[in-house]
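*Asks:* Chain order of the listed sequences is A and B.
Read in order, the letters of the first sequence correspond to residues 271 to 435 in my numbering.
Read in order, the letters of the second sequence correspond to residues 271 to 435 in my numbering.
Number of protein chains: 2
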Amino acid sequence: MDLASYISGFVDGEGCFCVSFQPSRRHKFGWEVRPSFSVSQNADRAKLLYMIQELWGCGFIRPDRSDKTLKFEVRTVRDLVEKVVSHFQKYPLLSSKQDDVLRFGRICELIHQGQHLNLEGLEQIVRLAMEMNPSGKRKYSGIEILTSIRSGERIVYAAGNRGST
Amino acid sequence: MDLASYISGFVDGEGCFCVSFQPSRRHKFGWEVRPSFSVSQNADRAKLLYMIQELWGCGFIRPDRSDKTLKFEVRTVRDLVEKVVSHFQKYPLLSSKQDDVLRFGRICELIHQGQHLNLEGLEQIVRLAMEMNPSGKRKYSGIEILTSIRSGERIVYAAGNRGST
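1. What does the alpha-carbon distance come out to for the pair N388(A) and K407(A)?
2. When you compare the CB of S356(A) with every CB in chain B, is at least one pair closer than 8 Å?
3. Measure the Cβ-Cβ separation of S365(B) and D282(B) and say whether it is below 8 Å.
4. What's the call for Q311(B), buried or exposed, on a 16-neighbour Cβ count within 10 Å?
5. By the 10 Å Cβ neighbour count, where 16 or more other Cβ atoms means buried, how is Y320(A) classified, buried or exposed?
6. Between which two residues does the beta strand (DSSP E) holding L398(B) run?
7. Which residues, taken in chain order from the region 312-346 of chain A, show a beta carbon closer than 9 Å to some beta carbon of chain B?
8. Give the interface partners of D271(B) over in chain A, defined as CB-CB distance under 9 Å, in chain order.
9. Enumerate in chain order the residues of its own chain whose CB-to-CB distance from R345(B) is below 6 Å, with the five nearest sequence positions on each side excluded.
10. Can you tell me which of V355(B), F330(B), C378(B) puts its alpha carbon nearest to the alpha carbon of G391(B)?
11. Which one of S356(A), S308(A), T417(A) has the shortest CA to CA distance from L340(A)?
12. Any Cβ of chain B within less than 8 Å of the Cβ of R432(A)?
13. Can a CB atom of chain A be found closer than 8 Å to the CB of D370(B)?
14. I need the DSSP call for G285(B), collapsed to helix, strand or coil.
15. Who are the neighbours of G384(A) on chain B, taking C-beta pairs under 9 Å?
16. Taking a Cβ distance cut-off of 7 Å, strictly less, list which residues of the region 397-411 of chain A are near chain B, in chain order.
17. Using 10 angstroms around the beta-carbon of G375(A), count the other beta-carbons present and answer buried if the total reaches 16, otherwise exposed.
18. Determine whether the Cβ of G375(A) lies closer than 8 Å to any Cβ atom of chain B.
19. R296(B) to Q359(B), Cα distance in whole Å?
20. Got a sec: which bits of the region 283-294 of chain A sit with their beta carbon under 8 Å from any beta carbon on chain B, in order along the chain?
21. Cα-Cα, which of G384(B), H357(B), P333(B), L416(B) is closest to A274(B)?
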């Protein structure tokens with residue numbers, strides 16, 4: 271049995287590569303970009319989450335707020351680049367989900383290089399993220415975020431929370 | 271990448287080992303035992319189902335009635351013993367789901383040996399099956415089935431479909 275291949279198979283079914291965008295007054299263009307990798311399991315089957323955590327040497331495990339599962343999650347960009355994305359370069363997913371892994375990897379690298387701190391880099395990140403999980407629901411559309419970034423208008427204004435920036 | 275290990279990891283999250291019991295007038299003790307292995311996936315990620323089918327050389331793929339997914343399924347007892355159970359003996363699941371695989375394997379072997387055609391064998395199969403997926407819902411309880419088997423009373427009588435046996 272090859273554990274690394276096993277984990278890729280498991281993640282192909284159960285893993286989630288996510289890039290979320292949150293309006294933020296603390297960030298240069300009004301948005302915080304948050305990439306994360308996660309896998310959830312019923313608590314009685316959590317052993318595998320601990321095995322992944324041990325193999326990769328990163329991430330944390332906590333109860334998921336939404337249900338009675340445990341969630342293994344990696345949010346640190348350096349770990350995402352060096353441990354998570356690197357794993358799926360060596361042991362790629364065999365389904366079309368690997369397309370998302372490649373986009374996710376590119377986004378993490380751009381953030382790791384600080385490219386999210388300039389307009390072009392951030393726009394590239396938004397576009398890549400909007401190509402991921404097209405069936406998933408998003409709080410903010412790519413157009414909303416890109417328009418807000420370009421105009422310099424903070425989305426928090428719209429919600430009546432006029433910021434100081 | 272080791273494909274067999276990958277598939278075990280995938281099945282750990284997404285696979286279903288199931289043993290169902292159906293009242294039947296055609297069967298000696300009034301019950302048909304149906305073991306099956308299945309994995310469902312969204313149609314756009316079905317590639318993996320075809321890879322499993324090719325690796326094992328058995329099973330069929332069809333649209334799942336319940337939703338918009340495709341289901342890979344193995345129902346032939348010989349294939350279950352020689353291809354499916356045999357795979358998970360060589361590449362066992364790493365979660366507690368492997369306990370169910372062992373029970374499932376024992377049930378398939380008993381049926382393969384024709385033990386479901388005698389009272390003791392069938393009772394053993396029912397007991398093993400009731401220990402599987404304890405959180406899952408069952409149409410008939412183990413007690414109902416065992417009582418019906420022992421008394422020789424067909425459960426179809428209860429539904430008003432008095433049989434000829």
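Just so you know, even glycine gets a beta-carbon here, dropped at the ideal spot from N, CA and C.
*Replies:* According to the structure data:
1. Looking up residue 388(A) in the first sequence gives position 118. Looking up residue 407(A) in the first sequence gives position 137. For N388(A) and K407(A), the distance between alpha carbons rounds to 27 Å.
2. Here the question's residue 356(A) lines up with position 86 in the first sequence. Not closer than 8 Å to any Cβ of chain B, the Cβ of S356(A) fails to qualify, so no.
3. Translated into positions along the second sequence, residue 365(B) becomes position 95. Translated into positions along the second sequence, residue 282(B) becomes position 12. In this structure, D282(B) lies closer than 8 Å to S365(B) by Cβ.
4. For the purposes of this step, residue 311(B) is taken as the residue at position 41 of the second sequence. Answer is buried; the Cβ neighbour count reaches 16.
5. As a first step, residue 320(A) is located in the first sequence; it is residue number 50 there, counting from the start. When all chains shown are included, Y320(A) counts as exposed.
6. Counting from one through the second sequence, the residue named residue 398(B) turns up at place 128. Run containing L398(B): none in the beta strand (DSSP E); it sits in the alpha helix (DSSP H), 389-400.
7. N312, D314, R315, A316, K317, L318, M321
8. The sequence position of residue 271(B) within the second sequence is 1, counting from 1. Here the sequence assigns Met to residue 271(B), which means Asp is not the residue at that position. In chain order: D272, A274, S275, S278, K360, Y361, P362, L364.
9. Residue numbering aside, residue 345(B) sits at position 75 when the second sequence is read from its first letter. Contacts found: S306.
10. The residue labelled residue 391(B) in the question sits at position 121 within the second sequence. Per the Cα distances, C378(B).
11. Here residue 340(A) refers to the residue found at position 70 when the first sequence is read from its first residue. Selected option, being the one with the closest Cα: S308(A).
12. Taking the first residue of the first sequence as 1, we reach residue 432(A) at position 162. Note that R432(A) scores a pLDDT of 37, beneath 50, so its modelled location is shaky; the value from the coordinates is reported in the next line. Answer no: the Cβ-Cβ gap between R432(A) and chain B never drops below 8 Å.
13. The sequence position of residue 370(B) within the second sequence is 100, counting from 1. D370(B) does not count as touching chain A.
14. Counted from its first residue, the second sequence places residue 285(B) at position 15. If DSSP states are grouped into helix, strand and coil, G285(B) belongs with the strands.
15. Working through the first sequence from its first residue, we reach residue 384(A) at position 114. Those within 9 Å of G384(A) in chain B number zero; the least Cβ separation is about 33 Å.
16. none
17. Locating residue 375(A) in the first sequence gives position 105, where the first residue counts as 1. Label assigned to G375(A): buried.
18. Counting from one through the first sequence, the residue named residue 375(A) turns up at place 105. Cβ-Cβ to chain B under 8 Å: no for G375(A).
19. If you number the second sequence from 1, residue 296(B) lands on position 26. If you number the second sequence from 1, residue 359(B) lands on position 89. When rounded, the distance between both Cα atoms is 34 Å.
20. G283, E284
21. Reading the second sequence from its first residue, position 4 is the one you call residue 274(B). Out of G384(B), H357(B), P333(B), L416(B), H357(B) has the C-alpha closest to the C-alpha of A274(B).
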